Amino acid sequence: MPQVPLTCTQTGQPVPDYLVHTLDGNFVDGSGRTLLLRGVNLSGSSKAPVGHPSYALKDFWEAGEAGSESFVGQPLNLDDGSADEHLRRLRGWGFNMLRYPITWEALEHEGPGKYDYEFMDYTVRVLRKCKEYGFKVYVDPHQDAWSRFSGGSGAPYWTLPACGINPRAFTATQAAILHCEYPSPLPDLRDPASLPPMIWSTNYGRLASQTLFALFFGGRTFAPKCIIDGVNIQDYLQSHFTRAFAILAERIRDAGGLLDEVVIGWDGMNEPAEGFIAYPDLNVYPTVQGSTLKKGSVPTPAQSFRLGMGQAQTVDNYTFGAFGPRRDGTVTIDPNGVSIWADPADEPGGVHPQWKWHRDPQWRLGICVWALHGVWDVETGYILQPDYFCHLPLSSLATSCSAEPQPRVEVDFLQDFFLPQITSYFSAIRAAHPNAIAFVQAPVFAVPPEVPETLLQGRACAAPHYYDGLTLLSRHWSWYNADALGMIRGKYSNPIFAVRVGEKAIRACIRNQLGVLKEDAVQLGTPPLSAVSPSAPRSPSPAVRTRYPTIIGEIGTPFDMDGKASYEPSNPRYGDYRPQERALDASLSAADGANALNYTVWTYCTDSTHQWGDGWNMEDLSLWSSDDLKRRIKSTTSMGMTMNGGVGLMIPAHVSSATLATLRSPLLPYTSVSEPAHVRLAFLRDGARAVRAFCRPWPISTVGVPANIEFDIGKATVKIVVSVRAVDMPRVYEQLGDGAEDEDIGGAEEDSKKMKGSGTTPVYSLESEKTFEEKPSPLPTEIFLPLVHFASETCVSRSLVLREQTLPDGDVDPDMHGIGCVTTGTTTPNAYTASTATLPLSPSSSDLVSPSEIRIVNEAYDVTVKMSEGRVELCERTQMLRWFHAVPTTPGAQKEVWIEVRRTDGAIKYPQGAGACSRLVGWMEGLCGGDLNPCPESCIVM
């Protein structure tokens, strides 16, 4: 790992120790350890205002037009104490990273240039709460299919009238499918609960989204007549979008203590789309499978133009079957003359009465903008320029100065339109947040463009999304699947070659797809184009590139599988999430292995329900739902405590401001509050769906680089291999910060002497058959070891009984009484006889063949550890295994070390399915004499 810089290139100031770096393809903390940032999107609920989910039609249009709805309260309620409970749960699951969706509408819903500062200040408060719990955050300017008012989320209502569009006509023309009006806004026909899975995503292939994205990215090129307030609609939209998020960044900066410490970077626009840009033939729908779903009615662009002007059309209809989309006849759509194009009377004299913009006279309302630009003829419906969006128009200068016809230049959406937009956006963000990491997100499954280093400035990462599409669309975990990424990128001559049969093949296929997405990061950090010779190949040599890390910004699985079988009390699978667990484990396991990827799972919704899922377009991917709560496990946050420091660690807020990612010595923070492990385990499982799949072990901070991570969910075994070089020796800070006392690092040095004796030690290398010098690392590799998988039998048994007890509101659980009241009062690791074990750093040949096994047993855990070398400490209150191993000191030397942890008694068999919990309670009642009150002290079971 390259050495962490001491001076910030963006500001010229000394680098603070809490700054997260992007070096050599990895996130790196201030000490030089490799960070794996894994977490969740908080939250899918943020796509809409509180109390107005996508299925609600009442006041939908009226509030949108008025711009009166505030997003304060999304994603967390800061007034009722629930925010602490949710963040405590997320931290207890091991997450250290939050992707924070915020829509443009939330910032600028009232009108152009009218910003919601109350919401921005609320966001600052939420970020401060995230800081209390030790999270890192990156902000996501979220959108789907442009706007809530075009069937998705993102842009404010006023952007549609600004584009000359009347969104109330979308359902009639099927220019967009809106959940709240599905299948019709008429009261007798409206049935939003019947919205088919993922049909919202077909909006990307419909007229509204395709037009809006074409105007946003390419208005100057393809719609030069669309001038509003003296600028092209492209500049008008982009400038407002960029300015809204830049003002948010300024507000966060001015609040102090958040940028870099909590907010480490900013995503680009979520899942940007090309619209019509680069469309080869407007008369046909592309025959090559792309990322736009074919489901339901599928009009060609030509047909959508005509529908948008109110003309009836007979279009293809598609269903999604066992082997993907297939044509299923035709359907006739008749708008009965209703047009999506705004009435000229809406803007008397070219001025909008509410939003006051001035529309140029050449932009005539009431007519399709593409007809206005000569793409098609309204009267005949004939497409005049079928490849209009496929080529850049010739400049008038080039035409007049050359007698020879000029060759037409084919459009490159990413290079010609996407790259200029993100350049403008990230430049504006960095004006307020100089150290911001640029999370570069290209359109779904697209290879990102060659982004010049002049923009990235050493602080960036690739941020693609990945979903198992077949499972997402079919709502079923099947025995077969397909390499969707390979198909979209043209890897196969026939789709049949993309099919994978059997779970082992499916899991390997998903891991391979994530590996391909990880390699896309090679596109980031190219030299500026001006530095490349015109005669040179367009792709510069990888040797001159800066390699950046990859984070999978969205990954997840639906929980409403198989007709909501897990939700129905009458179904034998009621409460059984094993199919969802297998699907989610396949995706998240794919991020392990040699990929060792960062990710943020989609999603965690505090208002998730079985009936409406995440509250948006019938999606149901939340890892937690209140409808899955067995009982109310009391949160210690209600007793005045906050989370700070390590994963799952409860400490008084005033003790320390250190967080896991900024841990500057192996001794901090360990001051903790006693909390029974079984209570914590019950809390972490309560309301969670498929918790074993996402609450998984992984190396959070690694001395070296994770070379391989393998977790077997069925055996509760994890093995981690680390590649270590001389440059990986961590840097230890000796100061806690302004006004703090010097940190005593002697303990770490003393521990190092115990590990290896004194001085450096020659080690025999099997690979090179040479010796090299090495020293023990002063900081450990820290591995999250979740109770969910590795708890002792006693801990599991007591947690299961606790979950089945039901307490009246206001009662205090006797097992929880006193939690949060007693502190150890020490900043040293808890000393457990069985929790600390050491192996020699210079193992004998027999140790290399069969390393010693160490069993660690306490109230919380029962695990067996093998390792190639070093010393481990298991800190149960933080669910953290700290592994101290040596680092080579000889320049150029490299070695691999490994550790394997398994639950001694095998994987925990939690109750699953209908009746499982009642059987458990019956068993415990029989064992304990029919009394579920706290057992007497003499009980040998509890």
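Heads up: the sequence shown begins at 1 in UniProt numbering, then just goes up one per residue. Here a beta-carbon is modelled for each residue, glycine too, at the ideal position from N, C-alpha and C. Because the structure is a prediction, the values reported are computed rather than measured.
Could you tell me if residue i is buried or exposed, where buried requires 16 or more neighbouring beta carbons within 10 angstroms of its beta carbon?
i: V351; result: exposed
i: T9; result: exposed
i: F497; result: exposed
i: W923; result: Because W923 carries a pLDDT of 43, less than 50, the predicted location of this residue cannot be relied on, and the following value inherits that uncertainty. By the 10 Å Cβ count, W923 comes out exposed.
i: Q879; result: buried
i: L189; result: exposed
i: A106; result: buried
i: K518; result: buried
i: P407; result: exposed
i: residue 946; result: With the chain represented from 1 up to 942, any question about residue 946 goes unanswered, as that position is not in the structure.
i: K356; result: exposed
i: G94; result: buried
i: M269; result: buried
i: T7; result: exposed
i: R206; result: buried
i: T11; result: exposed
i: S852; result: exposed
i: G154; result: buried
i: Q354; result: exposed
Identify the continuous beta strand (DSSP E) that holds residue i and give its terminal residues.
i: C368; result: Unbroken run through C368: none, as it is neither H nor E.
i: Q313; result: Q313 to G321
i: L212; result: Careful: L212 lies outside any beta strand (DSSP E), inside the alpha helix (DSSP H) at L207 to F222.
i: F27; result: N26 to V28
i: P16; result: Note, P16: premise wrong, no beta strand (DSSP E); not H, not E.
Return helix, strand or coil for residue i, following the three-state DSSP convention.
i: E710; result: strand
i: G563; result: helix
i: P448; result: coil
i: T11; result: coil
i: P699; result: strand
i: A428; result: helix
i: I899; result: strand
i: R168; result: helix
i: V796; result: helix
i: A726; result: helix
i: W341; result: strand
i: E181; result: helix
i: D576; result: coil
i: Y388; result: helix
i: Q303; result: helix
i: A438; result: strand
i: H789; result: helix
i: Q406; result: coil
i: E876; result: coil
Under 8 angstroms by Cβ, that's how I've got residue i and residue j pegged, so tell me the actual separation to the nearest angstrom.
i: D29; j: S701; result: 6 angstroms
i: L307; j: T173; result: 5 angstroms
i: L684; j: R89; result: 7 angstroms
i: P53; j: G615; result: 4 angstroms
i: V378; j: I367; result: 7 angstroms
i: H465; j: E271; result: 7 angstroms
i: R547; j: V522; result: 7 angstroms
i: L524; j: P448; result: 7 angstroms
i: F389; j: V411; result: 7 angstroms
i: V721; j: A707; result: 5 angstroms
i: A716; j: A907; result: 4 angstroms
i: G265; j: I437; result: 3 angstroms
i: R168; j: W61; result: 6 angstroms
With respect to the alpha helix (DSSP H) encompassing residue i, which residues constitute its N-terminal and C-terminal limits?
i: M487; result: A484 to I488
i: E62; result: F60 to A66
i: E453; result: E453 to L456
i: F694; result: V691 to F694
i: C509; result: E503 to E519
i: A278; result: Unbroken run through A278: none, as it is neither H nor E.
i: P335; result: First-last for P335: undefined, no H or E at that position.
i: S474; result: G469 to S474
>> In chain order, what are the residue ranges of uninterrupted beta strand (DSSP E) at least 3 long that sit wholly in the UniProt domain "Glycoside hydrolase family 5" (82-146)?
In response: Taking only runs of at least 3 residues, the beta strand (DSSP E) segments lying wholly in the UniProt domain "Glycoside hydrolase family 5" (82-146) are 97-103 and 136-142.
>> Just to confirm the assignment: which complete beta strand (DSSP E) runs, minimum length 3, are found wholly within the region 230-272?
In response: Entirely contained in the region 230-272, the beta strand (DSSP E) runs reaching 3 residues are, in chain order, 263-267.
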